[in-house]
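Enquirer: Residue numbers (my numbering): 15 to 357.
Here it is as structure tokens:
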């Protein structure tokens, strides 16, 4: 909560959640306060571990300079490390425009009595839509048919119009969802509309679901022609789908992962693709990002669909993220309880 009616907010956006989006949303929320914002935008490729935080830009010094005298930071990828927090004693609130504040050292923030908030659900619809698109692309071999025609004018993709090479359709197809959170539940509803036979494994979700609840992961895998991953990445779920699990799938199954790369053992998946145990895969996230040069996945282009972590990339997501973050700033300015606070 601020003293008086003046608060200085740093809007540290990037090429996706633009600083201007954040600034406009904050100004709307606290229009009765005297808000001064510093607008920043950093190129974030490549990004990776920065000191003790993950998936952040490497702009600690720039962040410290911008935060002089600031009480509030709203950011997408800006690093909020122990170094940054120690150099910014006026900072009281950090709001991250993402589903989790992986670019914030939460322990250091808590020790300095800095509130840290995030923006849950901002990309659930976009990721669910992207998941279904990736699934259709893998099932019907759309990228493999597109590439020769668009690249060389070749009609060779027409060979997919044969019984042996044609793909599967969603209607009546057994599709297993591993996880039934904000994204998984939306995917289930869409797949049910297609007429798929949806099955769900999620030991943490109770109550009504779209589809058939399956009580064990092994049972789900044995019964699914397609599996799509929607679990959160935790120590428990890291490597959740490995060689043993892939071996339980029916021969020729399809694997989709638009959640978190480390949920899936990529080496085991490549082995399964090469052997034919898995006929196709659609991946938007990976164990290491960007994909390392030694990855085997690009060499399997005839049976994989690969995208560079784009599932949550839509204009609506950026706008929602800025709005959710700004609403937290508004609550803080007005002295109201914060909705999505972790410290």
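The beta-carbon is built from N, C-alpha and C at its ideal position, and this holds for glycine as well.
It should be emphasised that the depicted structure is a prediction, and the values quoted were computed from it without experimental measurement.
1. Drop a sphere of 10 angstroms on the beta-carbon of residue 319, count the other beta-carbons inside from all chains shown, and report buried for 16 or more, exposed for fewer.
2. Assuming residue 28 and residue 144 make a contact with CB atoms under 8 Å, what is their CB distance in whole Å?
3. Of all the beta strand (DSSP E) runs that stay within the bounds of the segment 171-222, which reach a length of 3 or more residues?
4. Could you tell me which residues DSSP pairs with residue 108 in its beta bridges?
5. When you compare the CB of residue 21 with every CB in chain B, is at least one pair closer than 8 Å?
6. Please classify residue 249 as buried or exposed, where buried requires at least 16 other C-beta atoms within 10 Å of its C-beta.
7. Would you identify the three-state DSSP class for residue 271, choosing helix, strand or coil?
8. Would you kindly report the start and end of the unbroken beta strand (DSSP E) that includes residue 242?
9. To the nearest angstrom, how far is the alpha carbon of residue 75 from that of residue 98?
10. So residue 187 and residue 240 are in contact, right, with Cβ under 8 Å, and what is the actual spacing, rounded?
11. Alpha carbon to alpha carbon, how far is residue 199 from residue 343? Give it in angstroms, no decimals.
12. Buried or exposed, going by whether 16 or more other CB atoms sit within 10 Å of the CB of residue 90?
13. Roughly how many whole angstroms lie between the Cα atoms of residue 335 and residue 324?
14. Tell me the rounded alpha-carbon separation between residue 315 and residue 24.
15. Mind reading off the beta-carbon distance from residue 260 to residue 282? Whole number of angstroms is fine, and I expect it under 8 Å.
16. How many Å lie between residue 293 and residue 210 at the Cα?
17. CB-CB under 6 Å to residue 142, same chain, minus the five flanking residues each way: which ones, in chain order?
18. Is the Cβ-Cβ distance between residue 220 and residue 212 less than 8 Å?
19. Would you report the Cα separation of residue 40 and residue 21, rounded to the nearest angstrom?
20. Would residue 228 pass as a contact of residue 205 if the rule is Cβ separation under 8 Å?
Expert: According to the structure shown:
1. Along the chain shown, one-based indexing puts residue 319 at 305. Classification of residue 319: buried, given that the 10 Å Cβ count is 16 or more.
2. Here residue 28 refers to the residue found at position 14 when the chain shown is read from its first residue. Here residue 144 refers to the residue found at position 130 when the chain shown is read from its first residue. Contact doesn't hold; Cβ gap of about 20 Å is too wide.
3. 188-192 and 211-215
4. Numbered from its first residue, the chain shown carries residue 108 at position 94. Answer by DSSP bridge pairing, in chain order: 87 and 130.
5. Among the chains in the structure shown there is no chain B, since it carries only a single protein chain.
6. Position 235 of the chain shown, counted from the first residue, corresponds to residue 249. Burial call: exposed.
7. Looking up residue 271 in the chain shown gives position 257. Strand, per DSSP.
8. Within the chain shown, the letter at position 228 stands for residue 242. Element bounds for residue 242: 240-243.
9. For this step, residue 75 is matched to residue 61 along the chain shown. For this step, residue 98 is matched to residue 84 along the chain shown. Cα to Cα, residue 75 sits roughly 8 Å from residue 98.
10. Looking up residue 187 in the chain shown gives position 173. Looking up residue 240 in the chain shown gives position 226. Right, their Cβ atoms sit about 6 Å apart.
11. Residue numbering aside, residue 343 sits at position 329 when the chain shown is read from its first letter. Residue numbering aside, residue 199 sits at position 185 when the chain shown is read from its first letter. Going by the C-alpha atoms only, they are around 29 Å apart.
12. Taking the first residue of the chain shown as 1, we reach residue 90 at position 76. Buried, by the Cβ-count rule.
13. By one-based count along the chain shown, residue 335 stands at place 321. By one-based count along the chain shown, residue 324 stands at place 310. Straight-line Cα distance between these residues: approximately 16 Å.
14. Within the chain shown, residue 315 is the residue found at index 301, counting from 1. Within the chain shown, residue 24 is the residue found at index 10, counting from 1. Answer to the nearest angstrom: the Cα atoms are 43 Å apart.
15. Position 246 of the chain shown, counted from the first residue, corresponds to residue 260. Position 268 of the chain shown, counted from the first residue, corresponds to residue 282. That belief holds up - the Cβ atoms of residue 260 and residue 282 are roughly 6 Å apart, short of 8 Å.
16. For the purposes of this step, residue 293 is taken as the residue at position 279 of the chain shown. For the purposes of this step, residue 210 is taken as the residue at position 196 of the chain shown. Approximately 19 Å, taken between the alpha carbons.
17. The count along the chain shown starts at 1 and reaches residue 142 at position 128. Counting only Cβ-Cβ distances below 6 Å, and skipping sequence neighbours, we find 197, 200 and 201.
18. Along the chain shown, read from residue 1 onward, the residue named residue 220 stands at position 206. Along the chain shown, read from residue 1 onward, the residue named residue 212 stands at position 198. No.
19. Position 26 of the chain shown, counted from the first residue, corresponds to residue 40. Position 7 of the chain shown, counted from the first residue, corresponds to residue 21. Approximately 11 Å, taken between the alpha carbons.
20. The residue you call residue 228 lines up with position 214 of the chain shown. The residue you call residue 205 lines up with position 191 of the chain shown. Cβ atoms of residue 228 and residue 205: not closer than 8 Å.
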